[in-house]
Each structure stands twice: as structure tokens, then as C-alpha cells.
Amino acid sequence: DTGVSQDPRHKITKRGQNVTFRCDPISEHNRLYWYRQTLGQGPEFLTYFQNEAQLEKSRLLSDRFSAERPKGSFSTLEIQRTEQGDSAMYLCASSLSALNTGELFFGEGSRLTVL
Amino acid sequence: GIQVEQSPPDLILQEGANSTLRCNFSDSVNNLQWFHQNPWGQLINLFYIPSGTKQNGRLSATTVATERYSLLYISSSQTTDSGVYFCAVVEYGNKLVFGAGTILRVKS
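Chains as they are written, first to last, in my numbering: chain A, 1492 to 1606; chain B, 1026 to 1133.
And the structure:
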């Protein structure tokens, strides 16, 4: 059983460029989540998918951010026109059931540095 | 929304010592998880513990949901226990809300 996989692990980009992160959840998990973590803080919720449907989005997810899960398997998180404030660790997680009855499992994260 | 407070914010231990980390939350919760974030940034699941007590090796956790707190015990600490420990709760729906974490440093 492979865990949650994220790619790339590290990304350095210049301000104004677009970046895309990919997440492959645990295979039987139909729920997928994106979180963002800045230095010294706990992870903050960005968005949640159940199968291919994006069911919840945080106010942190500005118009420059878009997430997709087209076939209910892997997901992508795209950031357009990156800003220095976007520098953070982007964490993907998946779960088999709703969080009020089950555990959330995280990937290793994708660390973004915007110069 | 729900508030999650963790204490202490920082903790330095000598190898072999025991410690207790605390997590307080401001409202009723449906789920509580403890995580260890390793130096490479990955969040490792320690316990899924909405109530009661669980043990896993040198670690154990207790959640008293009616009093809105959870405790994580680390016994006979090792240098590999160093890192950040997070408590996270589900208030409703599908959003896990994290505390700010406890930074643990275990010295040899």
C-alpha cells in the first residue's frame, strides 16, 4: 500500500510564473484535500474533493489558485502569477471516509519558493 | 470557528526523559488526530483518538472530549522524537483544524 505521493517535492520559481503541483492519493481513498503550511504555523485547509467534485474551498484559495481532480484519482493544484507570499509547503492528504469517522493521511509535501 | 491551542510551544528534553504535550480545543469535536512532523516536513500519523486512551510503544494519548482536551505522552524520549507535534480536530464537515504545534528537541 503506497502512501500519498506528491510531485515535485521542491519548486523554485520567479514571481509571476505559474506552477502546478500533483497529488496521487492512497488508491482506495475517494476524499482528497489540499493544505498549505507556512513557516512556524500549522497546516491550513485550502480545498477538499470527494471523487471528482470539489466540495469545499477556503477563503485562502484566491482567484490565482485552482485545483482539479478530473477523474476522481490524482489532483493538481495550480498557482498562477505567483507572488512571494505564496512561498509555503503545499500538503496533499487523503482519507477513506469522512473525517468525523476516519483518519487523514498526508503526503510528503511540495515546497514552493517564489523569488 | 474552533480554536486549537497547544502547549508548551517549545520543549527541550534530555534523551531518556518523559514529556506530556497538551491540546485544548474550544468546542465539541468529532475527530482528533496527533501528528509528528519530521525534519523533512512530512506529517506522520500518531493517533486517531476522538476519545479515550491509546498506546503505541513509547507513545500514548488520552482525549477527554467532555473537558475538551487531549494529552500526548512520550516516554523514554529519543533523539528521533525531535520535530513538531501537531494536534488537529474536526469541528464539522471535512476540515481538519490544526494547532500551532509543539516543537520538541531531544538532546543526546
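C-beta atoms are modelled at their ideal positions from N, C-alpha and C, and glycine is treated no differently.
Beta bridge pairing from DSSP links residue 1498(A) with 1513(A). Contact fails between the region 1585-1594 of chain A and the region 1038-1052 of chain B, because fewer than three Cβ pairs, one in each stretch, are under 8 Å apart. Going by beta carbons, residue 1498(A) and residue 1513(A) fall inside the 8 Å limit.
For residue 1125(B), the C-beta contacts it makes with chain A under 9 Å involve 1531, 1532 and 1533, in order along the chain.
With respect to residue 1601(A), residue 1502(A) sits close: the two C-beta atoms are nearer than 8 Å.
In the three-state reduction of the DSSP assignment, residue 1575(A) falls in the helix class, which pools H, G and I.
Cβ neighbours of residue 1571(A) within its own chain (closer than 7 Å, five residues either side excluded): 1509 and 1555. Listed in chain order, the beta strand (DSSP E) runs fully inside the region 1036-1079 of chain B are 1044-1050, 1056-1062 and 1068-1073, counting runs of at least 3 residues. In this structure, residue 1027(B) lies near residue 1050(B), with their beta-carbon atoms less than 8 Å apart. By the Cβ-count criterion, residue 1117(B) is exposed, with fewer than 16 other Cβ atoms from all chains shown falling within 10 Å of its own Cβ. For residue 1516(A), the closest alpha carbon among the candidates 1542(A), 1604(A) and 1578(A) is that of 1542(A).
Exposed is the label assigned to residue 1065(B), since fewer than 16 other Cβ atoms lie within 10 Å of its Cβ. Put simply, the CB of residue 1590(A) is near chain B, with a gap under 8 Å to one of its CB atoms. Taking a beta-carbon distance threshold of 8 Å, residue 1026(B) does not count as an interface residue toward chain A. The beta carbons of residue 1084(B) and residue 1098(B) sit about 7 Å from each other, so the pair counts as a contact at 8 Å. Taking a Cβ-Cβ cut-off of 9 Å, the neighbours of residue 1602(A) in chain B comprise 1066, given in sequence order.
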